[in-house]
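Protein chains in written order, with our numbering: chain A, 45 to 422; chain B, 7 to 187; chain C, 3 to 275.
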């Protein structure tokens, strides 16, 4: 029997808000949008209780700007939205990437493009999470598939963001955002919380983007005696704008290397039944749940099918999938879009990938995946 | 594969079906220690329109969270009944509110036709608690979730001051179902 | 001699502004106002968007934040709410504040969050090469209005007052002494304060419109400005095409940070019961 103190029936959106508080988030700025609004509603109630700040901004452009401003003051901050709002946030997501300001953006995906299907799920913002803002830029995106995973990955999103000084996107979808599910909370002392590394230098010697061995510069809170400059222009170690090709090159290569060199610590996935499988289903988010059901049903009818369940979409597990493709040659990707992850899996495995797609607002069913399993050409 | 039981509560917005689903899921997951999910589909309107709330109960982790092979279907409107009866298992149960569902579609499932809303109004005193009367019937006829667990979940979810009314509604539902043969 | 050096990042000079640009005059007025306010450099955050005026933060020794086009006030909102002890000053231009950033501007005024917004209004997009802005007077030329703009212009100060700002003042680069006085008052004001500084752009506004050099423009400001006290007494006809300068609006109203703290205290008290 579960301890009732530790278990609760809650939605993914509620779990996301609670987890953010546990991670130390104390500033939320947002704009109402279905199906993410419960996150803002929950935090509008909780943050004043916890001594944090909740502010409803005039739009998503402002929400994103406000969380960056707050993070520069040294607090952990986040916003939550859905596709149309995520589009508006792209401008300042690029700013956060460029200026290396930690922040978390939750996107509870709904059908798109444009206003699309406000109350129905989709997984079609995978590429937008990676490339939504202009220019080469670092980003991390995570995709939980249950309420408990939403809780865990929201905390990890903050940890990644703090550690790497990078915006982190939590890609939920309407299914996970709104499903009520039992969550057994982990013990507080078992939860790892990461805070950004701060400088201890004398303010006169401080360079906000000084090269370090880790490639991650040391942070100084605005108003803590370190008077420095932050700009979205290409800048050098001092933080001031520069057009010097060498310095500009150094900056952009470091920004992207910062994630690339640590990708083995960021990439996360789970495999099941792969040992003897001759077919691998690569899944993420809510459609992974359908995939698990399809796999266990396939197994009962003797089909050798396994699953590769992705938790971190960006950076993408290219090498890990490539390794699996040395043995397995058949891949199926079920996703609520027209093939955004399937294309990456094809890139990684060099095999043609069978797609199971839905863009009608419905969750892919186990039957649809099972059908694909049976029909994959030998 | 382990045990999996699927409920779908259907009708129109404002009939309390989402709340009823949450109570069932909370009873199973928190008070009975099983796993449960509750999901819903809804349109843009806050009142009226069709409403559907689904609960899956299992002794294992619940992967696919939608009801496709229904063990119990509750219908508060004819429209919902016409639309969803085909998803009910052969061994499943169809429970309808007699006042709203007059044409019962043929099927191998077991049918219970009860004047749920009318009972709520006349025996409990408020038509509004028809959803809780239905929960009483469901608890009794399915035997999937314990009576004590549903009671506890009702008390944790209904507005303060309405506890007695809701418990009365729940027990009325149980009593009705005890009469079934 | 006023100790401007104390506030400048000398190694960031020369600046990018054209000869005769009003940005330097406004910057000096800002520094005089800050000096008079006696606020420590560590406690000041200077936030800007994109444009000529928005390059100001790079040259001065505060906590400085050069953000995206139009969004300075939204960034500043987050910064201020997360660190209420900071004195947050936004430097922005007519395009930055009232075109692309118009929504943030009016909503920050409505919220009445404690910050000072200093708007360099030069009637044109200078940085991108002289395109018409929301404050380009009707009939005046810009590179995107080669025949003269047919659009009416925004009255920035009027907009700020209507949207709910606590303190609104306007001055010009000719009236630089008044300008620093108004900025100083704005900084001290608890609430959202807006100071509109009419500023010459000799390169992209004066030249295409044949308004002469910067001296001619300053002369024009001198001759065509009316103190608000006078403006209140004269006819609409007499005020037409004039710059009305002075403290246009000064009101006491609830400030957002204080209201939020009050709310939080109330909620926590209920919680503790």
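Ideal Cβ placement from N, Cα and C applies to all residues, glycine included.
- Proximity of chain A to residue 266 of chain C at the Cβ level (cut-off 7 Å) is accounted for by 92 and 95, in chain order.
- Close to residue 85 of chain C, with beta-carbon spacing below 7 Å, are these residues of chain A in chain order: 117, 266 and 267.
- Shown here, residue 77 of chain B sits in a strand according to DSSP, grouped into three states.
- For residue 166 of chain B, none of the residues of chain A pass the 8 Å Cβ criterion, the least Cβ distance being about 17 Å.
- DSSP, read as helix, strand or coil, puts residue 133 of chain A in helix.
- For a Cβ distance threshold of 7 Å, nothing in chain C lies close to residue 337 of chain A: the least Cβ distance comes to about 42 Å.
- With respect to the C-alpha of residue 332 of chain A, the residue from A:93, A:135 and A:217 having the closest C-alpha is A:217.
- Shortest Cα-Cα distance from residue 38 of chain B to any of A:52, A:244, A:326 and A:90 involves A:52.
- A straight line joining the alpha-carbon of residue 9 of chain B with that of residue 309 of chain A spans about 37 Å.
- For residue 236 of chain A, there is no enclosing beta strand (DSSP E), since its DSSP letter is neither H nor E.
- The C-beta separation of residue 201 of chain C from residue 93 of chain C comes to about 11 Å, leaving the pair out of contact by the 8 Å criterion.
- The CB of residue 135 of chain A comes closer than 9 Å to the CB of 70, 71 and 73 in chain C, given here in chain order.
- Judged by DSSP in its simplified three-state form, residue 140 of chain C adopts coil rather than helix or strand.
- At a cut-off of 8 Å, the C-beta of residue 128 of chain B has no neighbouring C-beta in chain A.
- Within the region 126–154 of chain B, not one residue has a Cβ closer than 9 Å to any Cβ of chain A.
- Assignment of residue 100 of chain A by DSSP, reduced to helix, strand and coil, places it in the strand class.
- Straight through space, the alpha carbons of residue 47 of chain C and residue 33 of chain C are spaced by roughly 13 Å.
- Contact between the region 233–246 of chain A and the region 9–28 of chain C is absent: fewer than 3 CB-CB pairs across the two stretches fall below 8 Å.
- Interface with chain A (8 Å Cβ-Cβ cutoff): residue 75 of chain B is excluded.
- Non-local C-beta neighbours of residue 125 of chain B in its own chain, meaning closer than 7 Å and more than five positions away in sequence, comprise 139, 178 and 182, ordered along the chain.
- Counting only the Cα atoms, residue 204 of chain C lies some 8 Å from residue 214 of chain C.
- As a beta-bridge residue in DSSP terms, residue 358 of chain A pairs with A:185.
- Out of B:22, B:43 and B:16, the CA that lies nearest to the CA of residue 32 of chain B is found in B:43.
- In this structure residue 174 of chain A is not in contact with residue 162 of chain A, their Cβ atoms being roughly 24 Å apart against a cut-off of 8 Å.
- Against residue 183 of chain B, chain A offers no close residue; the least beta-carbon distance is about 24 Å (beta-carbon pairs closer than 9 Å).
- According to DSSP, residue pairing for residue 315 of chain A in a beta bridge involves A:352.
- In this structure, DSSP gives residue 378 of chain A an extended state, which the three-state scheme calls strand.
- Distances from the alpha-carbon of residue 89 of chain C to those of C:73, C:35 and C:107 put C:35 closest.
- Under the three-state reduction of DSSP output, residue 162 of chain A falls in the strand class.
- Between residue 88 of chain B and residue 111 of chain B, the C-beta spacing is below 8 Å.
- Comparing C-alpha distances from residue 295 of chain A to each of A:279, A:305 and A:284 shows the shortest one belongs to A:279.
- Taking 8 Å as the Cβ-Cβ cut-off, the region 207–232 of chain A approaches chain B at 219, 222, 223, 224, 225 and 226, given in chain order.
- For residue 147 of chain A, the secondary structure class from DSSP, reduced to helix, strand or coil, is strand.
- In chain B, no part has a C-beta under 7 Å from the C-beta of residue 81 of chain A; the shortest such distance is about 13 Å.
- Secondary-structure assignment with DSSP links residue 196 of chain C through a beta bridge to C:119 and C:170.
- Counting of Cβ neighbours within 10 angstroms places residue 146 of chain B among the buried residues, the total reaching 16 or more.
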